[in-house]
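Same order as they appear, the protein sequences are chains Z and R. Sequential numbering of the first sequence, starting at 65, is according to our numbering. Sequential numbering of the second sequence, starting at 1335, is according to our numbering. Glycine included, every Cβ here is placed at the ideal spot set by N, Cα and C. Nothing here was measured: the structure is a model prediction, and the numbers come from that model. Structure first, commentary second.
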Amino acid sequence: LNLPSHHDEL
Amino acid sequence: MTLFRLAGDLSHVLAILLLLYKIWTTKSAAGISGKTQLMFCMVYVTRYLDLFTSFISVYNSTMKVLFISASVATVYLIYFKFKATYDGNHDTFRMEFVIVPALILALIWNYAFTFFEISWAFSIFLEAVAILPQLFMVTKTGEAENITSHYLFALGSYRALYILNWIDRYYFEGHWDPIAVTAGIVQTVLYGDFFYLYFTRVIKGRKLQVLP
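Next up, the structure:
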């Protein structure tokens, strides 16, 4: 599941 | 890491430190909504569950620890240390009216029906509306101390800067995060009225007064 970028944002 | 995101995070850190500074130096939680701070605690705890499972960068982990600890400290100061100065009579917003819808929406709209992703989506939706008790309190008391309005300005600016970051990332990286962007826009729009008052009054050196 290629998660969108949000996991690298606070 | 875009410049907008760094500016946004720094504005967020500034807001959190401004609030701690105000409460600590005035030894008073007057004018501060404890409910908003409680919900911010929930926002950070439910969003940063991956603090110990996925390492992204020192910066990322440091900020997560800072946000969680600072929000717990703020709640402690309001509800325990300076409890006598907490203005509960004006902090009357019903938290369940935002927490329940955020939870229901997170169960419907998420990136995966897993505990972590539902918790993350809940955190994003809750953050968008967590400031409402504080904004309610400002309208109820009719005014806000200068430092409280600077706190709100820094806090409102952080997600506004994130919107610029998301535009930047969409333009250069070609993807975006629908849940975070939608909630971020709602969150920033809710500050609209406050931003207007901030720029028309506080910047000119006058107190933030919500005209009756």
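Beta-carbon contacts of residue i that lie in its chain and below 8 Å, excluding the five residues immediately before and after
i, result
"residue 1532/R", "1483, 1486, 1487, 1542"
"residue 68/Z", "Bear in mind that the predicted position of residue 68/Z carries a pLDDT of just 46, short of 50, making it unreliable; the figure below should be weighed with that in mind. Within the same chain, residue 68/Z has no close Cβ partners at all."
"residue 66/Z", "Caution applies to residue 66/Z, whose pLDDT of 44 falls short of 50 and renders its modelled position unreliable; the value that the coordinates give is listed next. Answer for residue 66/Z: no residue qualifies."
Own chain partners of residue i with C-beta closer than 7 Å, once the 5 adjacent residues on each side are dropped
i, result
"residue 1528/R", "1469, 1486, 1490"
"residue 1369/R", "1425, 1427, 1429, 1467"
Beta-carbon spacing of residue i, residue j below 7 Å
i, j, result
"residue 1462/R", "residue 1520/R", "yes"
"residue 1348/R", "residue 1409/R", "no"
"residue 1475/R", "residue 1424/R", "yes"
"residue 1464/R", "residue 1472/R", "no"
"residue 1380/R", "residue 1457/R", "yes"
"residue 1513/R", "residue 1436/R", "no"
"residue 1493/R", "residue 1526/R", "no"
"residue 1536/R", "residue 1460/R", "no"
Cβ neighbours of residue i in the same chain (closer than 6 Å, five flanking residues each side left out)
i, result
"residue 1350/R", "1404"
"residue 1385/R", "1398"
"residue 1504/R", "1510"
"residue 1451/R", "1444, 1445"
Given 8 Å, three or more beta-carbon pairs between the stretch 1346-1364 of chain R and the stretch 1431-1443 of chain R: no
Under 7 Å (Cβ pairs) to chain Z, residues found in the stretch 1472-1503 of chain R: 1503
Every unbroken alpha helix (DSSP H) within the stretch 1461-1534 of chain R, with a cutoff of 4 residues, ordered by chain: 1466-1475, 1480-1507, 1512-1524, 1526-1534
The stretch 1496-1503 of chain R touching the stretch 1413-1430 of chain R, judged by at least three CB pairs closer than 8 Å: no
Chain-ordered residues of the stretch 1394-1413 of chain R with a beta carbon less than 9 Å from chain Z: 1394, 1397, 1398, 1401
Contact set between the stretch 1335-1362 of chain R and chain Z, restricted to residues whose Cβ is under 8 Å from the partner: 1339, 1343, 1346
Cβ-based contacts, 9 Å cut-off: residues of the stretch 1509-1539 of chain R near chain Z: 1509, 1510, 1511, 1512, 1513, 1514
Chain Z contacts from the stretch 1429-1447 of chain R (Cβ-Cβ distance under 7 Å): 1445, 1446
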